[in-house]
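A.B. asks: Got a structure for you, written out below as structure tokens; questions coming shortly.
Encoded structure:
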């Protein structure tokens, strides 16, 4: 069995765009329309310094319609 990896598996990939949310109490917060529900999004090993998790949180908040929190698990 052989395993192949895409070109981004070794080099990484930064999503296009800029985060729209804000940092609050040690977590990234993306506001959604429904404040009675929330999603907690956990980052990969790159944590919050890489903007991918923030952009994904913004997309979830917009598409799912609820608040999204991304805790800073690795303390920066």
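In the numbering used here, the protein residues as written are 4 to 79.
Even for Gly, the Cβ is constructed at its ideal location relative to N, Cα and C.
Since the model is a prediction, treat every value here as computed from it, not as a measurement.
Return the residue from the list 68, 45 and 67 that minimises the CA-CA distance to residue 57.
C.D. replies: Comparing Cα positions, the closest option is 45.
A.B. asks: Take every Cβ of the segment 26 to 39, pair it with every Cβ of the segment 6 to 15, and state whether three or more of those distances are shorter than 8 Å.
C.D. replies: Touching, no, given that fewer than three Cβ pairs across the two stretches are closer than 8 Å.
A.B. asks: Between residue 5 and residue 25, what straight-line distance do the alpha-carbon atoms span, to the nearest angstrom?
C.D. replies: Taking the straight line joining both Cα atoms gives about 43 Å.
A.B. asks: Are there 16 or more other CB atoms within 10 angstroms of the CB of residue 52, so buried, or fewer, so exposed?
C.D. replies: Residue 52 should be labelled exposed.
A.B. asks: Among all the DSSP beta bridges, which residues are the ones paired with residue 27?
C.D. replies: DSSP, once it has assigned bridges, lists 30 as partnering residue 27.
A.B. asks: Determine the DSSP secondary structure at residue 43, reduced to helix, strand or coil.
C.D. replies: Residue 43: strand per DSSP, three-state reduction.
A.B. asks: Kindly indicate which residue of 49, 34 and 17 has the alpha-carbon position closest to the one of residue 63.
C.D. replies: Looking at the Cα atoms, 34 is the closest of the given residues.
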